[in-house]
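So for the sequence shown, the UniProt record's numbering puts the first residue at 1; every next one is plus one.
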Amino acid sequence: MSSTRPEQADVRRYAERFGYGLSDDDVAELLPLVAAGALAYDEVDDLYAEYVAVAPPERAVDFPAPEQNPLGAWYVKTHIPPRAHGPLDGRRVVIKDNIAVAGVPMSNGSRSLEGFVPSRDATVVERVLGAGGTVVGKAVCEDLCFSGSSFTSVSGPVLNPWDVSRTTGGSSSGNAALLAAGEVDLAIGGDQGGSVRIPASFSGIVGHKPTFGLVPFTGAFPIERTIDHLGPMARTVRDAAVLLDVLAGPDGLDPRQTSETIADVSATLDDGVAGLRIGILQEGFGIDGLSDPDTDATVLAAAEALAGEGAEVVPISVPWHRTGAALWSVVATDGATYQMLNGNGYGLGVSGFYDPEQVAHFAEGKIAHADDFSDTVKVTALTGAWSLDARGGASYAKAQMLVPLLRAAYDAALGDVDVLVLPTTPYAAGKLLEPGDDRAAYLTKALAAIANTAPTDLSGHPATSVPVGLVNGLPIGLMIVAPRFGDALGLRVAQAVERQQGTLRAPVVASAAAPR
């Protein structure tokens, strides 16, 4: 493979970008030196092609017709049988479409990645297949996963089976709809600002964002390396815990991970909450302009009911929780612009897994299909470009220097209580885009629900959303935040909540579910 050679116009253009005042003679003298440096790139191309590159395997896929996809939740269907028996025997597992399944098309909800077919399974997919699970397809996700609602995907809106005029939440929107409708048993989602937990809350299912680094992100399309998470989604806490047991642990490829892991989550699931101190996180309630009083009251009642099982339920304050959304906004905006958009997903500067074919495909696609990006992506890119140019990355640096204070505030609270509880989302599922919605309404519908979820993407604490009932006929979730690597404790409390509150089943499943 031979790369293109730099020419004089290239040298001059890049010199101007860096502010170098080069004469024509300077450019002519520097050109052969720059061109000589390009030879190493040819050698790397050849070595990669010889030793690392693999072709995508042949796997049968089917893009379902609208009548077979009434919720718009399937991106593509497939049937990949397990490689071994295990705890997921007989389970139908759907994979969010930001996660690579070898030989199966991947779009990440975006025109910019359409046509890309991964050559390798993501680590989480390998683990599912090795544990008895059957991968039955890819679920629609939002455009580059940058929305907490379900109307930005290139494939169209994903409808909530509780009310098809409502959002499922995002960005793991298809996962939530398919689980709520009973079309799959388990799902793997991604969460950078709440994208597992928001759709879990809006759709009446369980979603768990693991401790940062617990589940390998290898093979998923990144947004920003310090907030990238993958996690289980299911209809019950037990199913989510079983899937987490399969997914958790280092793979030696993901730079987000350490050697730390957790014991069998499922083993302590039924230990109950007797003797635990449950902290009602005051700053998660009554958020001006966002919180719905009925949602707050329902979540509070479910939390207080745990006292009936022997828990001590107490109020607790973490003022830094209210700053989390602002910190997240800077980290996610500058970070996504720098790493995902300018850096074509993976960015540079760390060792570990890269997908060069995906990087190259997106590098071309983001230019060829720039006009097709959703307004969430466009506003992120424009804001991030302004910040990086005007502030030189200093605001991102400041935000990252403040993140340890946010983390320490949660840690301090979790030294006084065992877990924190709060509403997953400040309100139940809102309407999808409606005629007359302007861009401001578009962005509010897409992003406002992250107020309680985004802070723990920064802090790295595990957080579980579990259904606790209905408000005006729509499900809402209670979120449990546990100590870092205390995922088992968080899911144990979620199991106690589920035991008291029961599980939910969407009322339109019979008419909305696609035939199997």
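All C-beta atoms, glycine included, are put in the ideal place defined by N, C-alpha and C.
Using a Cβ-Cβ cutoff of less than 7 angstroms, which residues in the same chain neighbour P293 once the five nearest sequence positions on both sides are dropped? As a working mapping, residue 293 is identified with position 293 in the sequence shown. Around P293, the same chain offers no residue with a beta carbon nearer than 7 angstroms, after the five sequence neighbours per side are excluded.
Does the beta-carbon of E183 have 16 or more other beta-carbons within 10 angstroms, so that it is buried, or is it exposed? Counting from 1 along the sequence shown, the entry for residue 183 is found at position 183. Only buried fits E183, as 16 or more other CB atoms lie within 10 angstroms of its CB.
For D24, the first and last residue of its enclosing alpha helix (DSSP H): As a first step, residue 24 is located in the sequence shown; it is residue number 24 there, counting from the start. Going by DSSP, D24 is part of the alpha helix (DSSP H) stretching over 24-37.
When the distance is taken between beta carbons, is Q495 closer than 7 angstroms to V237? Here the question's residue 237 lines up with position 237 in the sequence shown. Here the question's residue 495 lines up with position 495 in the sequence shown. If you check the CB distance, V237 and Q495 come in under 7 angstroms.
First and last residue of the uninterrupted beta strand (DSSP E) at W74: The residue you call residue 74 lines up with position 74 of the sequence shown. Segment 74-80, the beta strand (DSSP E) holding W74.
When we look at the beta-carbon of Q68 and count the other beta-carbons within 10 Å, is it buried (16 or more) or exposed? Position 68 of the sequence shown, counting from 1, holds the residue named residue 68. For Q68, the number of other beta carbons within 10 angstroms of its own is below 16, and it is reported as exposed.
Mapping the DSSP letters down to three states, classify S317 as helix, strand or coil. For the purposes of this step, residue 317 is taken as the residue at position 317 of the sequence shown. Coil, per DSSP.
May I have the straight-line CA-CA distance separating D89 from K96, to the nearest angstrom? Here residue 89 refers to the residue found at position 89 of the sequence shown. Here residue 96 refers to the residue found at position 96 of the sequence shown. About 20 angstroms.
Span separating the alpha-carbon of V403 from that of V136: Within the sequence shown, residue 403 is the residue found at index 403, counting from 1. Within the sequence shown, residue 136 is the residue found at index 136, counting from 1. A straight-line Cα-Cα distance of about 38 angstroms links V403 and V136.
In whole angstroms, what is the alpha-carbon distance linking V331 and T425? Along the sequence shown, read from residue 1 onward, the residue named residue 331 stands at position 331. Along the sequence shown, read from residue 1 onward, the residue named residue 425 stands at position 425. Those two C-alpha atoms are separated by around 21 angstroms.
Indicate the three-state DSSP secondary structure (helix, strand or coil) for A360 in the structure shown. Working through the sequence shown from its first residue, we reach residue 360 at position 360. Assignment of A360 by DSSP, reduced to helix, strand and coil, places it in the helix class.
Measuring alpha carbon to alpha carbon, tell me which of E16, L178, A240, F18 ends up nearest T464. Along the sequence shown, one-based indexing puts residue 464 at 464. Comparing Cα-Cα distances from T464 to each of E16, L178, A240, F18, the minimum goes to A240.
Proximity to L186 [Cα-Cα], best of A397, G174, G193: In the sequence shown, residue 186 corresponds to position 186, counting from 1. Comparing Cα positions, the closest option is G174.
Where in the region 183-243 do unbroken runs of the beta strand (DSSP E), each at least 3 residues long, occur, reported from the N-terminal end onward? List check, beta strand (DSSP E) in window: 186-190, 206-209, 230-234.
Same chain only: Cβ atoms within 6 angstroms of A15, ignoring 5 sequence neighbours per side: What you label residue 15 is simply residue 15 of the sequence shown in a count that begins at 1. Answer for A15: L22, listed in chain order.
Output the distance between the C-alpha atoms of G393 and V379, rounded to the nearest integer angstrom. As a first step, residue 393 is located in the sequence shown; it is residue number 393 there, counting from the start. As a first step, residue 379 is located in the sequence shown; it is residue number 379 there, counting from the start. So the alpha carbons of these two residues sit roughly 17 angstroms apart.
Name the two residues that bound the continuous beta strand (DSSP E) containing T464. Taking the sequence shown and counting its residues from 1, the one referred to as residue 464 is at position 464. Looking at the DSSP string, the run of the beta strand (DSSP E) that includes T464 is 463-471.
Span of the beta strand (DSSP E) holding S165? Here the question's residue 165 lines up with position 165 in the sequence shown. For S165, the enclosing beta strand (DSSP E) begins and ends at 163-167.
How big is the Cα-Cα spacing for S2 and G365? On the sequence shown, residue 2 is found 2 positions in, with the first residue counted as 1. On the sequence shown, residue 365 is found 365 positions in, with the first residue counted as 1. Below a pLDDT of 50, predicted positions are generally treated as unreliable, and S2, at 45, falls in that range; no measurement from the model is reported.
Which value, in whole angstroms, describes the spacing of the CA atoms of T268 and H79? Counting from one through the sequence shown, the residue named residue 268 turns up at place 268. Counting from one through the sequence shown, the residue named residue 79 turns up at place 79. For T268 and H79, the distance between alpha carbons rounds to 33 angstroms.
Inter-residue Cα distance where the pair is A513 and R91: The residue labelled residue 513 in the question sits at position 513 within the sequence shown. The residue labelled residue 91 in the question sits at position 91 within the sequence shown. Only weak support exists for where A513 lies, its pLDDT of 43 falling under 50; the value from the coordinates is given anyway. Each residue's CA atom was taken as its position, placing A513 and R91 some 17 angstroms apart.
How is N342 classed by DSSP in three states: helix, strand or coil? Indexing the sequence shown from 1 puts residue 342 at position 342. In this structure, N342 counts as coil in the three-state DSSP scheme.
Under the rule that 16 or more other beta-carbon atoms within 10 Å means buried, what is R17, buried or exposed? Taking the first residue of the sequence shown as 1, we reach residue 17 at position 17. Per the 10 Å Cβ criterion, exposed.
Report all residues from its chain with a CB closer than 8 angstroms to the CB of P255; omit the five preceding and five following residues, and keep chain order. As a first step, residue 255 must be located in the sequence shown, where it is residue number 255. In chain order, R225, V350, S351, G352 place their CB closer than 8 angstroms to the CB of P255, counting only its own chain and leaving out the 5 sequence neighbours on each side.
Whole angstroms are fine: how far does the CA of A454 sit from the CA of Y335? For this step, residue 335 is matched to residue 335 along the sequence shown. For this step, residue 454 is matched to residue 454 along the sequence shown. Looking at the sequence provided, one finds Gly at residue 335 rather than Tyr. Whole-angstrom Cα-Cα distance: 14 angstroms.
State the DSSP-derived secondary structure class of D62, mapped to helix, strand or coil. For the purposes of this step, residue 62 is taken as the residue at position 62 of the sequence shown. It is a strand residue.
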